[in-house]
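Okay, so the first sequence: first residue is 0 according to my numbering, each after it adds one. Cβ coordinates follow ideal geometry from the N, Cα and C atoms, glycine included. Shown next, in structure tokens, is the structure this report addresses.
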Amino acid sequence: MLFHKTLVNWYLENKRDLPWRKTANPYHVWLSEIMLQQTRIAQGLPYYYKFIKEFPDVFQLAEAPQEKVLKLWQGLGYYSRARNLHATAQFVASELNGKFPENYKGLLKLKGVGDYTASAIASICYNEPVPVVDGNVYRVLARYFDIETPVNSSAGIKEFKLLATELLDCENPGTYNQAVMEFGALQCKPQLPLCESCPLSGSCLALKNGKISQLPIKLKKAKVRKRYFNYLVFISEENTTLIEQRLGKGIWEGLYQFPLVETTTRLKEEEILLEEEFISFAGKDPKQITLYNSSPIIHKLSHQHIFTNFWLIKKNKLPENSVSIENLSEYPVPVLIANFIQDYNFSEY
DNA sequence: AACGCGGGGAA
DNA sequence: TTCCCAGCGTT
């Protein structure tokens with residue numbers, strides 16, 4: 000049987016019941032695709048429900064303050080997706096009368112929509128014959144055809160895109176595209192794929208050649224960077240604290256945090272208390288400054304390990320721009336900060 | 001072409 | 001630990 004035919008048959012039998020599969024509404028499909036970039040369905044699903052409930056259409060998303068969008072996105076990671084999502088909603092609402100572009104080329108122009116996402120929306124919503132090539136597709140094709148070209152090399156990107164184009168089921172590209180991805184997620188999994196029950200096992204070259212566990216091949220990425228954060232948690236007698244928004248480029252852009260003193264090396268407790276920058280923010284009265292965590296909290300991201308200390312600093316009064324501790328939960332914050340706020344119950348003050 | 005960008009689940 | 005997830009934008 001044809002490659003695409005086998006996959007679509009498998010898909011119709013085995014696909015998961017997911018909310019964005021019940022519709023061809025481009026707003027819903029677009030939202031789901033942005034959320035699922037580099038994100039597992041299990042992790043993205045609750046966020047999808049939250050967003051659909053809070054913003055039933057593109058106009059309501061467009062009208063929302065960016066902070067509200069970021070707050071709803073909190074915990075999902077890759078926050079530039081949320082900012083681009085919001086910007087694109089505003090563009091579609093105001094410039095396109097609320098109608099998304101109806102083909103690959105037009106969709107590709109939207110912020111946050113790249114080759115994969117434009118192909119996904121165009122094929123699913125408008126039946127345009129364009130192939131998706133995501134992590135699942137790389138894996139399925141690399142194995143089935145025993146291709147050793149690194150999938151994240153420029154040669155690999157070209158080769159797999161071309162192959163995917165040839166394999167595409169032009170009659171129902173949306174269903175086929177979802178079929179390959181679902182097949183990669185459930186059957187042709189990264190670890191311990193289910194080759195015994197695989198409908199393609201008879202013609203899979205990697206299986207035949209005993210190379211399933213070696214494919215796909217990826218080029219190694221850069222090492223993780225270590226960083227050392229000291230957060231200054233001020234607490235006034237009026238139960239207010241100081242927060243700041245992370246500006247400029249870099250991690251957690253646009254999110255809020257406590258005032259931060261970052262050091263280039265790992266310092267002992269006594270040493271940071273002597274740092275000029277630390278003193279200028281926190282003062283040097285040892286009676287008012289205590290370290291909350293007994294050992295550094297290590298927040299591990301795929302590209303950074305952040306060693307964190309939270310310093311509690313009592314003050315009589317704080318500047319006008321301090322915020323009430325009760326209102327802290329309204330601000331979008333990194334998971335690192337959210338965990339602290341939850342763990343440290345401000346109740347004793 | 002290479003890098004930066006989150007957080008979490010699975011083995 | 002290590003891998004990798006319905007990738008994109010910037011440099």
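Query	Result
Straight-line CA distance for Gln177 to Leu17?	12 Å
Going along the chain, which unbroken runs of the beta strand (DSSP E) with 3 or more residues stay wholly within the stretch 9 to 64?	none
Nearest-angstrom Cα distance between Phe99 and Ala281?	50 Å
Got a sec, what are the start and stop residues for the beta strand (DSSP E) Phe306 sits in?	303 to 314
Helix, strand or coil for Lys299 per DSSP?	strand
Shortest alpha-carbon distance to Ala63 belongs to which of Ala337, Phe2, Ile234, Arg82?	Arg82
With a threshold of 16 other CB atoms inside 10 Å of the CB of Ile297, please say whether the residue is buried or exposed.	exposed
In terms of residues, what are the limits of the alpha helix (DSSP H) holding Lys160?	153 to 166
For a test of the three-state rule: what should DSSP assign to Val332, helix, strand or coil?	coil
By Cβ distance, which residues of its chain are closer than 8 Å to Glu325, with the 5 residues on each side in sequence left out?	Asn238
Throw me the rounded Cβ distance for the Thr289 and Leu272 pair, which I believe falls under 8 Å.	With 8 Å as the limit, Thr289 and Leu272 do not qualify as a contact, their Cβ atoms being about 11 Å apart.
Among residues of its own chain, excluding the 5 on either side of His302, which ones have a beta-carbon nearer than 7 Å to its beta-carbon?	Val223, Arg224
In whole angstroms, what separates the C-alpha of Pro172 from that of Glu165?	12 Å
Would you give the residue range spanned by the beta strand (DSSP E) that Val260 belongs to?	259 to 262
Would you list the residues sitting across from Lys225 in a DSSP beta bridge?	His304
Check whether the Cβ atoms of Thr307 and Leu335 lie closer than 8 Å to each other.	yes
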